[in-house]
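The numbers in the working numbering rise by one with no breaks, and the one at position 63 of the sequence shown is 63.
Even for Gly, the Cβ is constructed at its ideal location relative to N, Cα and C.
Bear in mind that the values here come from a model prediction, so they are computed numbers and not experimental data.
Below: the structure, in structure tokens.
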Amino acid sequence: MRFVTFAHQGRISAGILLDGDDPGPAMLIDGSHPSRPAPLQALAPTMMDWISHGLAPLSQAIRNTEISPACLLRQQDVRLLAPLPDAGKIVGAAFNYRDGLAASGRAAPEAPVTFVRSRTTIIGPDEPITIHEGHEITYEAELAAVIGRPALNCSREQAMPHVCGYTLFNDVSYADMVRRDGNFVRGKNQPASGPLGPWIVSSDDVDDPHGLAISLSVDGRQLQSSSTSEMLFRIDELIAFISTRMPLDTGDIIATGTPAGVASNHSPPAWLQPGQTVILSIPGFGKLGNPVTRIGA
């Protein structure tokens, strides 16, 4: 199922987006409504509470529960926010796509290369990516895995049950800062540089996270088009590697890397500019669109 966080009439709640009956509008379950389905009654209407309970069990329970029309809202009447606005840390994987390495002429690393992003960089669908002009700033289309239960010193064989769902992440990066600093700290932690959403697909609905088409366009021009099958280190390997170096906690996010087609792969380079719109897409995961604006505009 597709789990969302939304704003409606001045309040924020977690919800579940249902499949629309064509030509009817897409509807969502309001997780804070008194008539919400029985599996949600004992839970706070926050994504973190639902993740702590387990998205896959919720998904399966709600499929077998009668849903009162009173708790439904039309998607067009709400504003979707970042699905996990109070995420823990974001652990990113750099240089993790074979086609990306080939496009950049970079040798494959022998082990995952990771960095940490602050959750304060997260923004939701349609929120502006705010940039400092005069920098080389790239988009990075990524599949993000959401951690549902803690992992520490986890083996590859134990890894995947720790993932509760998947979503889209645009790892907007100041490439010149990364190059100048020799690390990812500043370049990956600028304000409003982490678009996330539009929803979390529960793990029970994702047969193979390593067989998904992933693409990104800027102002309608497709700049990235690949498949998650190009990952060098798969999600179970990333969890095993990261969890030996730091604890992975409930609500943490693993950004699994980006394929070929980042700004520096194009001639001339396709650095982000104010006034543009970036759209990231994976079939079944929706489209994550964000305008680009100048900081202070």
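Beta-carbon proximity of residue i to residue j, cut-off 9 Å
| i | j | result |
| --- | --- | --- |
| residue 165 | residue 187 | no |
| residue 133 | residue 195 | no |
| residue 101 | residue 6 | no |
| residue 151 | residue 243 | yes |
| residue 159 | residue 209 | no |
| residue 215 | residue 281 | yes |
| residue 200 | residue 83 | yes |
| residue 162 | residue 238 | no |
| residue 35 | residue 61 | no |
Alpha-carbon spacing of residue i relative to residue j, whole angstroms
| i | j | result |
| --- | --- | --- |
| residue 287 | residue 118 | 23 Å |
| residue 295 | residue 68 | 44 Å |
| residue 240 | residue 112 | 10 Å |
| residue 63 | residue 123 | 30 Å |
| residue 45 | residue 263 | 39 Å |
| residue 48 | residue 86 | 7 Å |
| residue 312 | residue 104 | The requested residue 312 is not part of the displayed model; the chain covers only 1 to 297. |
| residue 168 | residue 143 | 5 Å |
| residue 130 | residue 121 | 11 Å |
| residue 43 | residue 251 | 16 Å |
| residue 66 | residue 39 | 10 Å |
| residue 37 | residue 266 | 49 Å |
| residue 235 | residue 18 | 27 Å |
| residue 41 | residue 231 | 39 Å |
| residue 207 | residue 33 | 31 Å |
| residue 290 | residue 91 | 22 Å |
| residue 106 | residue 275 | 32 Å |
| residue 283 | residue 8 | 26 Å |
| residue 189 | residue 180 | 15 Å |
| residue 182 | residue 110 | 19 Å |
| residue 95 | residue 156 | 20 Å |
| residue 191 | residue 279 | 19 Å |
| residue 285 | residue 116 | 24 Å |
| residue 24 | residue 99 | 40 Å |
| residue 184 | residue 10 | 37 Å |
Among the options, nearest to residue i - alpha-carbon criterion
| i | options | result |
| --- | --- | --- |
| residue 54 | 202, 140, 114 and 45 | 202 |
| residue 272 | 246, 15, 292 and 266 | 292 |
| residue 217 | 228, 277 and 267 | 277 |
| residue 140 | 106, 151, 97 and 251 | 97 |
| residue 246 | 236, 281 and 154 | 154 |
| residue 268 | 136, 248, 142 and 178 | 136 |
| residue 260 | 290, 249, 279 and 226 | 226 |
| residue 317 | 70, 254, 199 and 235 | In the structure as shown, the chain begins at 1 and stops at 297. Residue 317 is therefore absent and cannot be evaluated. |
| residue 224 | 257, 184 and 13 | 257 |
| residue 270 | 214, 138, 252 and 285 | 138 |
| residue 51 | 3, 157 and 215 | 3 |
| residue 212 | 199, 197, 198 and 229 | 229 |
| residue 93 | 82, 279, 106 and 114 | 114 |
| residue 16 | 78, 232 and 161 | 78 |
| residue 198 | 156, 24 and 14 | 14 |
| residue 58 | 1, 95, 70 and 90 | 1 |
Start-to-end residues for the alpha helix (DSSP H) that takes in residue i
| i | result |
| --- | --- |
| residue 53 | 47 to 53 |
| residue 239 | 235 to 243 |
| residue 100 | 98 to 104 |
| residue 186 | Segment: none, residue 186 is in no alpha helix (DSSP H) and carries neither H nor E. |
| residue 156 | 156 to 159 |
Segment limits, beta strand (DSSP E) that includes residue i
| i | result |
| --- | --- |
| residue 172 | No beta strand (DSSP E) holds residue 172; DSSP gives it neither H nor E. |
| residue 3 | 2 to 8 |
| residue 199 | 194 to 202 |
| residue 214 | 213 to 218 |
| residue 285 | Counting along the chain, residue 285 falls outside any beta strand (DSSP E), and DSSP gives it neither H nor E. |
| residue 114 | 113 to 117 |
| residue 121 | First-last for residue 121: undefined, no H or E at that position. |
| residue 17 | 11 to 17 |
| residue 344 | Outside the modelled stretch of the chain, which goes from 1 to 297, sits residue 344, for which no answer is possible. |
| residue 93 | 90 to 94 |
| residue 255 | 253 to 255 |
| residue 221 | 221 to 227 |
| residue 130 | 129 to 131 |
| residue 27 | 27 to 30 |
| residue 72 | 72 to 74 |
Q) Counting Cβ pairs, one atom from each stretch, are 3 or more of them under 8 Å apart for the region 210 to 230 and the region 172 to 184? A) no
Q: Evaluate contact between the region 72 to 88 and the region 26 to 38, counting only Cβ atoms and requiring at least three cross-stretch pairs below 8 Å.
A: yes
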